[in-house]
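Under this note's numbering, the residue at position 95 of the sequence shown is numbered 168, and the numbers go up by one with no gaps.
We treat Cβ as the ideally placed atom computed from N, Cα and C, and that holds for glycine.
Note that this is a predicted model, so its numbers are computed, not measured.
Taking it in order: structure first as structure tokens, then the write-up.
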Amino acid sequence: MTIASGTRNVAKVSIWNDPKLRALFFQAVLVVVLVLVAYEIVHNTILNLQRLNKDFGFAFLSRTAGFDIIQTLVPYTSASNYGTALYVGFLNTVLIAFLAIIAATIVGFVVGIMRLSKNWLASRIATVYIEIFRNVPLLLWIFVFYSAVRQPLPDAHQAYSLFGWFFLSKKGLMMPKPMFGDGAWLGLVALLAAIVGSIVIARWARARQSATGQPFPVVWTALALIVVLPLLGLAIEGFPVDWEYPALAGFNFSGGVAVLPEFMALFLALSLYTATYIAEAVRAGVLSVSHGQTEAAHALGLRAGATLRLVTVPQAMRVVIPPLASTYLSLTKNSSLAVAIGYPDLVAAGGTVLNQTGKAIEIVSLWMFVYLSLSLFTSLLMNWFNARMKLVER
């Protein structure tokens with residue numbers, strides 16, 4: 074009996090000391106706790122909704138919105154439904170995030186390289202810019218740029234004019250709007266063909282340079298294709314493009330395309346603020362490249378610009394891309410601060426819908442789902458790009 078009891082105790086002790094079994098046990102406990110917490114949240118939510126005599130659902134999205142939105146990328150009026158209003162806000166969020174990411178990337182790369190420059194003035198300018206913008210909250214920069222953009226501008230009837238086509242006032246920047254006719258589809262097809270052709274040429278040029286060492290002007294070739302082919306397609310159809318010019322009508326402009334002061338302020342704040350973090354990531358990536366690489370490039374006769382473009386930056390990208398992805402995610406989520414200056418993004422449009430319908434849980438759930446989806450999509454693209462840019466050892 075004593076020997077059997079001792080054997081069972083040893084088995085129990087050995088099972089408890091097994092790392093795999095112990096890990097499975099704690100994971101199971103954690104799952105049970107999370108399920109209980111989720112159940113408690115859902116249960117309390119249902120009870121509170123019943124107590125307030127409210128129901129949960131998204132049927133309200135088909136009801137008439139009854140409010141206007143100052144910037145719309147798709148047809149929208151106050152007679153449209155709440156779902157369309159949220160869709161307009163979503164498109165405005167995607168637009169500002171996409172354009173700000175492009176601008177912040179360009180500015181960040183330039184400033185990051187400037188900070189490593191041997192030119193004392195350029196290096197100090199980059200340092201001062203980074204320290205000032207990075208250490209002031211983004212919301213304050215949004216207010217600063219909104220005041221700087223809107224306050225100095227005149228009213229609509231005294232707007233600054235350029236050729237009678239462009240007008241700048243407190244209402245924003247008014248520009249001519251292209252109106253495409255029936256045959257404009259050929260220009261779009263030509264543009265898509267030019268983009269595909271540019272990608273094919275870029276791959277061919279990369280393979281050619283790897284095999285022979287001879288470079289090919291990919292950038293200029295791609296620009297020529299993207300400009301010439303669509304123009305050629307429109308020319309075949311007789312240029313079916315007309316222009317709608319803005320004109321002053323009372324206290325505001327009618328016609329054309331309006332770039333709102335809120336959009337310009339938010340774009341500048343997001344771009345310049347986020348560019349500081351990109352600049353630091355670029356600086357860290359460049360410093361991670363061995364100095365022997367640049368010395369070898371100079372020994373082969375490459376100048377500083379060619380060394381940076383062909384040797385340093387490609388190797389630095391393996392360090393730059395991971396923090397770059399996080400920065401892009403932060404920029405997309407920071408765009409929700411647009412509500413502070415009245416830019417009609419998803420949060421602003423959703424807030425108006427929430428105030429009119431009282432559907433707080435539904436609206437907040439939509440916000441969370443949209444920003445989660447945008448973040449996952451951005452991460453997917455950046456992971457793919459990181460895999461493409463990964464250094465492959467021979």
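Less than 9 Å between the C-beta atoms of residue i and residue j, yes or no?
i, j, result
"valine 147", "threonine 157", "yes"
"isoleucine 143", "glutamate 317", "no"
"leucine 357", "valine 386", "A small correction: the amino acid at residue 357 is alanine; leucine does not occupy that position in the sequence shown. Contact: no."
"valine 301", "serine 271", "no"
"alanine 354", "phenylalanine 218", "no"
"valine 443", "leucine 404", "no"
"glycine 311", "glycine 260", "no"
"valine 161", "alanine 422", "yes"
"glycine 245", "alanine 331", "yes"
"glutamate 435", "phenylalanine 129", "yes"
"alanine 173", "threonine 347", "yes"
Which whole-angstrom value is the C-beta distance of residue i and residue j, which I expect to be below 8 Å?
i, j, result
"threonine 451", "alanine 398", "7 Å"
"alanine 199", "asparagine 325", "The Cβ separation is near 41 Å, so there is no contact."
"isoleucine 205", "arginine 188", "Not really, about 13 Å apart at Cβ, beyond 8 Å."
"valine 359", "alanine 379", "Valine 359 to alanine 379, Cβ: 15 Å. No contact."
"alanine 263", "leucine 211", "No, alanine 263 and leucine 211 are not in contact; Cβ-Cβ is about 41 Å, not under 8 Å."
"leucine 159", "valine 437", "So it is not a contact: roughly 12 Å between Cβ atoms."
"tyrosine 298", "alanine 320", "Contrary to the premise, residue 298 reads as leucine rather than tyrosine in this sequence. Contact doesn't hold; Cβ gap of about 36 Å is too wide."
"serine 448", "leucine 383", "Contact doesn't hold; Cβ gap of about 33 Å is too wide."
Measuring alpha carbon to alpha carbon, tell me which of the options ends up nearest residue i.
i, options, result
"valine 180", "Ala275, Glu317, Ala342", "Ala342"
"alanine 352", "Ala369, Ala177, Tyr233, Leu125", "Ala177"
"proline 251", "Leu410, Pro417, Trp238, Val167", "Trp238"
"serine 408", "Ile198, Leu375, Phe98, Trp440", "Trp440"
"glycine 323", "Ala232, Leu419, Met187", "Ala232"
"alanine 275", "Leu265, Leu264, Pro288", "Pro288"
"alanine 411", "Leu194, Lys191, Val209, Phe216", "Phe216"
"phenylalanine 340", "Val222, Ile434, Met455", "Val222"
"proline 395", "Met455, Arg279, Phe236, Phe206", "Met455"
"phenylalanine 253", "Ser242, Leu296, Thr285, Leu307", "Leu307"
"aspartate 141", "Pro417, Lys191, Ile434, Ala331", "Pro417"
With 16 as the cutoff for other CB atoms within 10 Å, does residue i come out buried or exposed?
i, result
"methionine 247", "buried"
"lysine 406", "exposed"
"proline 225", "exposed"
"threonine 400", "buried"
"isoleucine 114", "exposed"
"proline 227", "exposed"
*What residue ranges within the segment 355-391 form continuous alpha helix (DSSP H) runs of no fewer than 4 residues, ordered along the chain?*
364-372, 377-380
Review point. What are the start and end residues of each continuous beta strand (DSSP E) run of 3 or more residues lying completely inside the segment 197-262, in chain order?
Key: 233-235, 239-242, 245-248, 250-253
Let me know the alpha helix (DSSP H) ranges lying completely inside the segment 418-446, each 4 residues or longer, listed in chain order. 419-430
Q) Enumerated in chain order, which unbroken segments of the beta strand (DSSP E) with a length of 3 residues or greater are wholly contained in the segment 293-326? A) With a minimum length of 3 residues, the continuous beta strand (DSSP E) runs that stay inside the segment 293-326 are 314-317, 320-322.
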